[in-house]
Amino acid sequence: MFSGLRWAVLLLGILLVAGCAGKEEPGSQTGAAPAPGATGKKVRLIAFVGAASKPPTTEAKEAFEKANPNIVVDISFGGSGTLLNQMTLEETGDIYMPGSDDYMEKAEAKEAVVPETRKIVAYLVPMICVQSGNPKNIQSLEDLARPGIVVALAKAGAVCLGDVSDEILQSAGLEKQVKKNVLTYAASCDQTQQLVQLGEVDAVIGWDAFKYWAPDDIDVVPIAREHLRVRNIPAAVSVYSENREAAEKFIAFLTSEEGKAIFTKHGYSVTPPSI
Amino acid sequence: MQARRGRRLADGRSSARWGRARTRVLVALLSLPLLLYLVGPVAGLIVRTTPSVWRSFVCCWEAASALRLSLVTASLALAIVAVIGTPVAYWLAHYDFRGKGAVDTLIDLPLVLPPAAAGFALLLLFGNQGMGSWLQAHGLRISLTPLAVVMAQVFVASPFYVKQARAGFEAVPRDLRLASATLGAGPGRTFLRVTAPLASHALVAGAVMTWARALGEFGATLVFAGAFPGRTETMPIAIYTHSTTNLPAAIALASTLAIVSFAVLILAREIAGRRLRVYVAP
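Same order as they appear, the protein sequences are chains X and Z. When you line the first sequence up against my numbering, it's residues -18 to 256, in that order. When you line the second sequence up against my numbering, it's residues 138 to 419, in that order.
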């Protein structure tokens, strides 16, 4: 039993030391922040951002704070719906950046954002996402209806991607045929991606960014232009913001050339695809 | 005759020993399916975490701060639950009163409430639509802060401690408590010197389960405290946000959490087992 104690302490120690040895995050995030205006200098923005946008938004935040040392951006990542509820229940927050434009429509319907501040940060282009190497040789929407092909779709009505998938299949006249091959309907974008990444299904209709998130596990097949339904990742200033100017500055940064370069680097389309 | 009797006795003892050994092996074999089912997925996570992946995604400030936050808040939540939960457990164990059944059921409520629903309930009560405005006017903000992390963990984990502690207190023989009183000890002294030590194993078991549940808490925390890296992003939340765009990172974080939790639980059991020796007079 004593050897068990030593083993546990040793293991814990290694992990904690390794964790603490990690580089510190640039900029101040931990500890109590000064209240906005308390020192007369720093402005703290609160942004509610969809979890799928975490990597580029985190990098953009760091670049923005470096260029604007008097502004700190605190970002809470999560599901777009949960974030909207938090923002409206708490009547707090400066920026709302959901994972897709349908949630921005909901935010506008709730009068939770300032409509004229809405900007498009990136575009979401639907693609057929297949396992790496495309072992089932899926080249088009028609191939999703082939016997023996196992497909997953995002759940329509719950996920923007699900609504888009339905629209695409309806446009191609393949909805019934493809849905015969559907194994499951995913409750979120990331779950949709993970189903093909982990090999549970042969293909999903996903976003172009899925390929970037799992480059070793996912390949993408373009969808015929006439059936394409492009969506976007928007950002807008919250009606509860007390720092509108700073919030608009951050959104302007996201949509600037530097911001676009960051999103492009992370696999997002920043220019509208020609349809 | 003696030799034959001796041989019969020896055969009988060895037969009993063989029977006990067989029973032990049989019970162990019957336990294997559940143990394998519990260990298998966790082992799978750890095996998929290569050193390079672990270095890339775990040895960074965000993972370190998420792990630190999880360990600190879970420990704080445990301390709070122990302080406020012990009187409740004692009350339920030793007193009969009207509405006792309702109180008992109330304690179970966080167990059946979905964590996200619990998070919204806390947000509505302590957020701006509830007491939040008044609290903020007096300088205290709860929602979307580290304090909200602790409160969410206390809410979901408290039933584990209270139920175990109650069972422990109920198991303490009434005669011993009465004997303590007849020897001049007050209720407080009796609790500290008699009841608590005799219920210690249950208290420790409850504390371990409470800490583990608090450490793994996700839904209520995400809703009530948000996911601000470095402030309210606990390890389970970090795993979730990483899983969206970086599955290997999420797996690496999950296996780290599993290893750290396992190590801390073993440590806690070791310390508790060596310090708490219960002696019951024959």
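The beta-carbon is built from N, C-alpha and C at its ideal position, and this holds for glycine as well. Remember, it's a predicted structure, so these values are computed and weren't measured experimentally.
Within 8 Å, strictly: CB atoms of residue i and residue j
| i | j | result |
| --- | --- | --- |
| V102 (chain X) | M78 (chain X) | yes |
| E238 (chain X) | T98 (chain X) | no |
| A32 (chain X) | T381 (chain Z) | yes |
| A391 (chain Z) | L182 (chain Z) | yes |
| M108 (chain X) | V201 (chain X) | yes |
| V286 (chain Z) | T160 (chain Z) | no |
| L155 (chain X) | V132 (chain X) | no |
| A357 (chain Z) | L259 (chain Z) | yes |
| E89 (chain X) | V220 (chain X) | no |
| A342 (chain Z) | R330 (chain Z) | no |
| I232 (chain X) | I76 (chain X) | yes |
| L340 (chain Z) | P296 (chain Z) | no |
| L261 (chain Z) | L70 (chain X) | yes |
Distance between residue j and residue i (C-alpha atoms, nearest Å)
| i | j | result |
| --- | --- | --- |
| A217 (chain X) | R206 (chain X) | 29 Å |
| M68 (chain X) | R326 (chain Z) | 50 Å |
| A19 (chain X) | K136 (chain X) | Because A19 (chain X) sits at a pLDDT of 42, beneath the cut-off of 50, its placement in the model cannot be relied upon, and the point is left open. |
| I243 (chain X) | P37 (chain X) | 6 Å |
| A254 (chain Z) | L65 (chain X) | 15 Å |
| K87 (chain X) | A389 (chain Z) | 35 Å |
| L250 (chain Z) | F191 (chain X) | 34 Å |
| D312 (chain Z) | V190 (chain Z) | 59 Å |
| L166 (chain Z) | V176 (chain Z) | 15 Å |
| L26 (chain X) | I374 (chain Z) | 21 Å |
| A219 (chain Z) | A239 (chain Z) | 21 Å |
| V95 (chain X) | T236 (chain X) | 17 Å |
| W228 (chain Z) | L277 (chain Z) | 31 Å |
| Q174 (chain X) | A139 (chain X) | 16 Å |
| E226 (chain X) | I56 (chain X) | 17 Å |
| G129 (chain X) | E223 (chain X) | 56 Å |
| S169 (chain X) | L142 (chain X) | 8 Å |
| T89 (chain Z) | L246 (chain Z) | Beyond the ends of chain Z as shown, which are 138 and 419, falls residue 89 (chain Z); an answer cannot be given. |
| K157 (chain X) | Q151 (chain X) | 9 Å |
| A200 (chain Z) | V179 (chain Z) | 19 Å |
| P215 (chain X) | D83 (chain X) | 9 Å |
| S146 (chain X) | T223 (chain Z) | 54 Å |
| T252 (chain X) | K47 (chain X) | 26 Å |
| T63 (chain X) | V345 (chain Z) | 31 Å |
| A167 (chain X) | G156 (chain Z) | 53 Å |
| A16 (chain X) | G269 (chain Z) | The predicted position of A16 (chain X) is uncertain, since its pLDDT is 40 and thus under 50; no value can be drawn from it. |
| N115 (chain X) | A126 (chain X) | 16 Å |
| L384 (chain Z) | G353 (chain Z) | 19 Å |
| F263 (chain Z) | D189 (chain X) | 40 Å |
| N162 (chain X) | L179 (chain X) | 18 Å |
| A158 (chain Z) | S168 (chain Z) | 15 Å |
8 Å Cβ shell around residue i - same chain, five flanking residues per side excluded
| i | result |
| --- | --- |
| P254 (chain X) | Y104, V106, L209 and V211 |
| I149 (chain X) | P107, L122, I186, I204, H208, L209 and R210 |
| L173 (chain Z) | none |
| S207 (chain Z) | L352, T371, M372, P373 and L394 |
| D144 (chain X) | D83, A137 and G138 |
Cβ distance (whole Å) where residue i is taken to contact residue j below 8 Å
| i | j | result |
| --- | --- | --- |
| G80 (chain X) | L359 (chain Z) | Incorrect: roughly 15 Å between the Cβ atoms, too far for contact. |
| Q112 (chain X) | D183 (chain X) | 7 Å |
| I244 (chain Z) | V299 (chain Z) | 5 Å |
| A274 (chain Z) | V309 (chain Z) | A274 (chain Z) to V309 (chain Z), Cβ: 46 Å. No contact. |
| P252 (chain Z) | V293 (chain Z) | 6 Å |
| V54 (chain X) | A28 (chain X) | 6 Å |
Nonlocal neighbours in the same chain, by C-beta distance under 7 Å from residue i, ignoring five residues either side
| i | result |
| --- | --- |
| A230 (chain Z) | R303, F306 and E307 |
| A226 (chain Z) | V299, A302, R303 and F306 |
| H247 (chain X) | P36, P37 and Y193 |
| V291 (chain Z) | A214, I217 and V218 |
| F257 (chain Z) | V360 |
| Y416 (chain Z) | Its pLDDT being 39, under 50, Y416 (chain Z) is placed unreliably by the model, and the measurement read from it follows with that caveat. So the list is empty, once near-sequence residues are dropped. |
| H379 (chain Z) | A386, A387 and L390 |
Cβ-based neighbour list, residue i, same chain, cut-off 6 Å, excluding 5 preceding and 5 following
| i | result |
| --- | --- |
| L204 (chain Z) | M372 |
| K35 (chain X) | F58 |
| K22 (chain X) | N51 |
| V164 (chain Z) | none |
| T73 (chain X) | Y221 |
| F234 (chain X) | F45 and G240 |
| V30 (chain X) | T38, I56, F58 and M78 |
| G267 (chain Z) | L261 |
Is it a yes or a no for the region 234 to 242 of chain Z touching the region 40 to 55 of chain X, going by three-plus beta-carbon pairs under 8 Å? no
Give a yes or no on contact between the region 274 to 286 of chain Z and the region 364 to 374 of chain Z, applying the rule of three or more CB pairs nearer than 8 Å. Short answer: they touch.
Are the region 338 to 354 of chain Z and the region 391 to 408 of chain Z touching by the rule of at least three beta carbon pairs closer than 8 Å? yes
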